[in-house]
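Engineer:
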Amino acid sequence: MADQAQKTIPAIPAVEKLVSEQTARFEAAVEEMGKLQSKGVAQVNQFIEGYTRVAQEQIAFAEQIGGEWRKLVLAATRNAADLFAPKA
């Protein structure tokens, strides 16, 4: 029984060392995950900002096209009215 206790005591520092190394590895992995998450969030933000900019440009373009279309329709309507209006 005393022999087994003596064999176990030297093993305790080895176990502590293994636990310490595993803890350090786990902390490093979690830190790396945090960096990757931050990088991912930054990329998503860039994508959303780019998409928002493109959407705003498309809306402005649609508004411009709509305005031009209304001008053309109004001009065409006036020209048609002039063709059919009696001349004095």
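First residue of the sequence shown? That's 324 in the working numbering, and the numbers climb one at a time after it. Built from N, CA and C at the ideal position, the CB exists for glycine as well.
Looking at the structure shown, is A403 part of a helix, part of a strand, or coil, going by DSSP?
Structural biologist: Here residue 403 refers to the residue found at position 80 when the sequence shown is read from its first residue. It is helical.
Engineer: Pull up the distance between the alpha-carbon of Q387 and that of E380, whole angstroms please.
Structural biologist: By one-based count along the sequence shown, residue 387 stands at place 64. By one-based count along the sequence shown, residue 380 stands at place 57. Q387 and E380: Cα-Cα distance of roughly 10 Å.
Engineer: Which of the three DSSP states is assigned to K358 in this structure?
Structural biologist: For this step, residue 358 is matched to residue 35 along the sequence shown. Three-state DSSP puts K358 in a helix.
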